[in-house]
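In the working numbering, the protein residues as written are -16 to 217.
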């Protein structure tokens, strides 16, 4: 059971120092340079998004951590890397597939106008809403929904980010991506995926063009819902 109550043994001032050091060592040193992204990573308190059963000392380790329901919070470097590749300016509407505990959404909220975040697991959606509310983040809307189908109500989206591994990009998401627009997703088998960046551009009077390129190797938990059922043997 998620609980926001935890024993605080480190002051918030010390957490700020720890976070700044982690950003410098884990993110800047690995090539992320966008100042808006770095500022968001310095300001969003990852330790506030972890379940009480995760040791606080692990909060800023550059690794995924369990959040329950066989899901994880992504490592900080990957959160920053994906955010940088979206090239957000503050005017965009972003669709996130896979809310988890809400940490990535909280970072995106610092960088975009609005974030619509889809979570197929109700317990995690509840956790994320509690976390985001506690941080007074008001430009994120969490929906309990299957990300395979996207969210037509607020489409089209200027940016789409998928935070779970999938064998392919769901067609519904491509249709809901604006032109111009960017989509980033981990695509491939369960054991290892490639981060794929798709850039959609208008080409009137023809349909929009979509250019795709591979970025880095990653390993995400698999996407749940319809796409999982379609790819499970038997």
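Heads up, the beta-carbon is just placed ideally off N, CA and C, and yes, glycines get one too.
These numbers come from a predicted model, not from an experiment.
Please work out which residues of its chain come closer than 7 Å, Cβ to Cβ, to residue i, disregarding the five sequence neighbours upstream and downstream, and give them in chain order.
i	result
residue 105	127
residue 47	55, 56, 57, 58
residue 25	2, 3, 6
residue 52	104, 106, 107
residue 251	Outside the shown range of the chain (-16 to 217) lies residue 251, about which nothing can therefore be said.
residue -14	With a pLDDT of 39 at residue -14, under the threshold of 50, the modelled position of this residue cannot be trusted; read the value that follows with caution. Excluding residues within five positions, the ones whose Cβ falls inside 7 Å are 35.
residue 30	-2, 39, 42
Based on Cα-Cα distance, which residue from the options lies nearest to residue i?
i	options	result
residue 13	33, 30, 45	45
residue 50	209, 204, 17	204
residue 63	10, 124, 202	10
residue 37	182, 84, 171, 193	84
residue 34	111, 65, 201, 60	111
residue 42	-1, 15, 144, 21	-1
residue 147	138, 174, 122	174
residue 154	-4, 29, 209	209
residue 125	143, 32, 102, -4	102
residue 65	191, 202, 207, 178	178
residue 21	61, 144, 213, 82	61
residue 207	194, 150, 17	150
residue 172	200, 30, 157, 182	200
residue 19	95, 213, -6, 8	95
For residue i, I'd like the list of residues in its chain whose CB is within less than 8 Å of its CB, leaving aside the five on either flank, ordered along the chain.
i	result
residue 27	86, 89, 90, 93, 118
residue -16	Model confidence at residue -16 stands at a pLDDT of 31, short of 50, so the residue's coordinates are unreliable; what they give is reported in the following sentence. If we look at residue -16 and ignore the five residues flanking it on each side, it has no Cβ neighbours.
Have a look at the DSSP bridge pairing and note the partners of residue i.
i	result
residue 54	51
residue 184	192
residue 166	143, 181
residue 99	78, 124
residue 148	205
residue 200	177
residue 160	140
CB-CB under 6 Å to residue i, same chain, minus the five flanking residues each way: which ones, in chain order?
i	result
residue 196	180
residue 202	175
residue 192	184, 186
residue 145	80, 168
residue 97	76, 122
Am I right that residue i and residue j are in contact with their C-beta atoms under 8 Å? What's the rounded C-beta distance?
i	j	result
residue 161	residue 141	5 Å
residue 190	residue 159	No, residue 190 and residue 159 are not in contact; Cβ-Cβ is about 15 Å, not under 8 Å.
Given 8 Å as the limit, is there contact between the stretch 160 to 169 and the stretch 65 to 83, that is, 3 or more CB pairs closer than that? yes
If we count Cβ pairs, one from each stretch, closer than 8 Å, do we get three or more for the stretch 73 to 81 versus the stretch 127 to 140? yes
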